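Asker: When we follow the numbering used here, the leftmost residue of the sequence shown carries the number 10, and every step to the right adds one.
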Amino acid sequence: MSSKYDFPILELENVTFAYSGRETIINNLTLSVGNGEFIGLLGANGSGKSTILKLASGILQQRSGRIDLWEKEMQSYRNKDRAKLLSYLPQLLDINVPFTVRELVGMGLYPYDILPHLTVDEALDAVGLADKAESPLTDLSGGERRRAFIAMTLLQGAGLLLLDEPLANLDIKYQMELLKLLGELKEKKGIASIMALHDINIAFQFEKVMLIKEGTILGMGTPDAVLTGEMLKEAFGVSIEVKRADDGSTYINYGSVL
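And the structure:
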């Protein structure tokens, strides 16, 4: 999608969701994502991060409320058309597939009759797997496999990326390279990203964060505004001291558990 698009590309309005036979997980959730926004999604385990991403991707359908993607109701899209607009990378990946790295990454092209600008080789190079292109996926380390799935997601070329803890099992080098790549996609192509995180310190590198607890939004805005000691204590149940280094960067120090 064009970086000049002026309207929200994703809107959730009063969305409620519960899995069959269970209590409500998401309760009257409302949020709006603009073109090119780079959002970190934070919350304790079981707070609803993965469920929010699945609702936003169309994998799950809300019990009530409305979800719009590029001003059109989410469930009105055919799967193939929706895949051109958003890419979803789950937290748990199927690594027991009999494909080479190149074959897996190439699956990101399936929605297209005319190929997007990014090639398989460029996607592999972006995640540092060019030398493993012909290797079976099962021969890769856990971090390398995750990078292969990230390359497939990038190749899909959608204007919105929904990433469920993509930094898990990645060395610090590749964590930083992925964040840099997503920043470049935002600046050059207006691609928006929502990334579920478990590392609060990394969240300070995002321009916007969303902090959730039990399926509701505690705060959404800049990291300095949202990731305060008081808010983090409410979300995670631990005393967390937010500090500022001499260079102006912000980091956290964990205190005692409640």
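By construction, the Cβ of each residue, glycine as well, lies at the ideal position given by its N, Cα and C atoms.
Given the structure is predicted, the values throughout are model-derived calculations rather than measurements.
1) Ignore the nearest five residues each way along the sequence and tell me which others in L268's own chain have a CB closer than 6 angstroms to its CB.
2) Using the Cβ count rule (16 or more neighbours within 10 Å means buried), how would you classify I35?
3) Apart from the five residues on each side of it in sequence, which residues of its chain come closer than 6 angstroms, Cβ to Cβ, to D77?
4) Alpha carbon to alpha carbon, how far is P107 from T231? Give it in angstroms, no decimals.
5) Based on Cα-Cα distance, which residue from E250, Y260 and I203 lies nearest to L62?
6) Does DSSP put R156 in a helix, a strand or coil?
7) Hey, could you find the ends of the alpha helix (DSSP H) L106 is sitting in?
8) Of all the options L40, I261 and R87, which has the alpha carbon lying nearest to the alpha carbon of Q214?
9) Only counting the same chain, and skipping five residues up and downstream in sequence, which positions put a Cβ closer than 7 angstroms to that of S66?
10) Where do the N-terminal and C-terminal ends of the beta strand (DSSP E) with N37 fall, by residue?
11) Whose C-beta lies closer than 6 angstroms to the C-beta of R91 among residues of the same chain, with five residues either side of it excluded?
12) In the DSSP assignment, find the unbroken beta strand (DSSP E) run with L21 in it and report its ends.
13) What are the start and end residues of the alpha helix (DSSP H) that includes R270?
14) Buried or exposed, going by whether 16 or more other CB atoms sit within 10 Å of the CB of N44?
15) Beta-carbon within less than 6 angstroms of I200's beta-carbon, same chain only, minus the 5 sequence neighbours each way: which residues are those?
16) Please report how far the alpha carbon of N88 lies from the alpha carbon of G257, in whole angstroms.
17) Taking only runs that begin and end inside the region 51 to 133, name each unbroken alpha helix (DSSP H) of 4 or more residues, in chain order.
18) Quick check on DSSP: helix, strand or coil for S12?
Answerer: Here's the rundown:
1) Past the boundaries of the shown model lies residue 268; the chain is included only from 10 to 267, so the question cannot be answered.
2) Position 26 of the sequence shown holds residue 35. Answer is buried; the Cβ neighbour count reaches 16.
3) In the sequence shown, residue 77 corresponds to position 68, counting from 1. Excluding sequence neighbours, D77 sits near E20.
4) One-based indexing of the sequence shown puts residue 231 at position 222. One-based indexing of the sequence shown puts residue 107 at position 98. Whole-angstrom Cα-Cα distance: 43 angstroms.
5) Position 53 of the sequence shown, counted from the first residue, corresponds to residue 62. Comparing Cα positions, the closest option is I203.
6) In the sequence shown, counting from the first residue as 1, residue 156 sits at position 147. Residue state, collapsed to three classes: helix.
7) For the purposes of this step, residue 106 is identified with residue 97 of the sequence shown, where counting begins at 1. First, the amino acid is wrong: residue 106 is Val here, not Leu. Looking at the DSSP string, V106 is not in any alpha helix (DSSP H), and its letter there is neither H nor E.
8) Numbered from 1 along the sequence shown, position 205 holds the residue referred to as residue 214. It is I261.
9) Within the sequence shown, numbered from 1, the residue matching residue 66 stands at position 57. Excluding residues within five positions, the ones whose Cβ falls inside 7 angstroms are L95, Y97 and L171.
10) As a working mapping, residue 37 is identified with position 28 in the sequence shown. Unbroken beta strand (DSSP E) run through N37: I35 to V42.
11) Here the question's residue 91 lines up with position 82 in the sequence shown. If we look at R91 and ignore the five residues flanking it on each side, its Cβ neighbours are G67.
12) Sequence index remark: in the sequence shown, residue 21 carries index 12 (1-based). Element bounds for L21: L19 to F26.
13) Look at the range of the chain in this structure, 10 to 267, and you will see that residue 270 is not part of it.
14) Residue mapping note: residue 44 aligns to position 35 of the sequence shown, counting from 1. Its Cβ being crowded by 16 or more others within 10 Å, N44 is buried.
15) As a working mapping, residue 200 is identified with position 191 in the sequence shown. If we look at I200 and ignore the five residues flanking it on each side, its Cβ neighbours are G168 and L194.
16) In the sequence shown, the residue the question calls residue 88 occupies position 79. In the sequence shown, the residue the question calls residue 257 occupies position 248. Distance between the alpha carbons of N88 and G257 is about 45 angstroms.
17) As far as the region 51 to 133 is concerned, its whole alpha helix (DSSP H) runs of at least 4 residues are 58 to 66, 88 to 94 and 110 to 115.
18) For this step, residue 12 is matched to residue 3 along the sequence shown. Bear in mind that a pLDDT of 47 at S12, under 50, signals an unreliable position, so the model cannot answer this.
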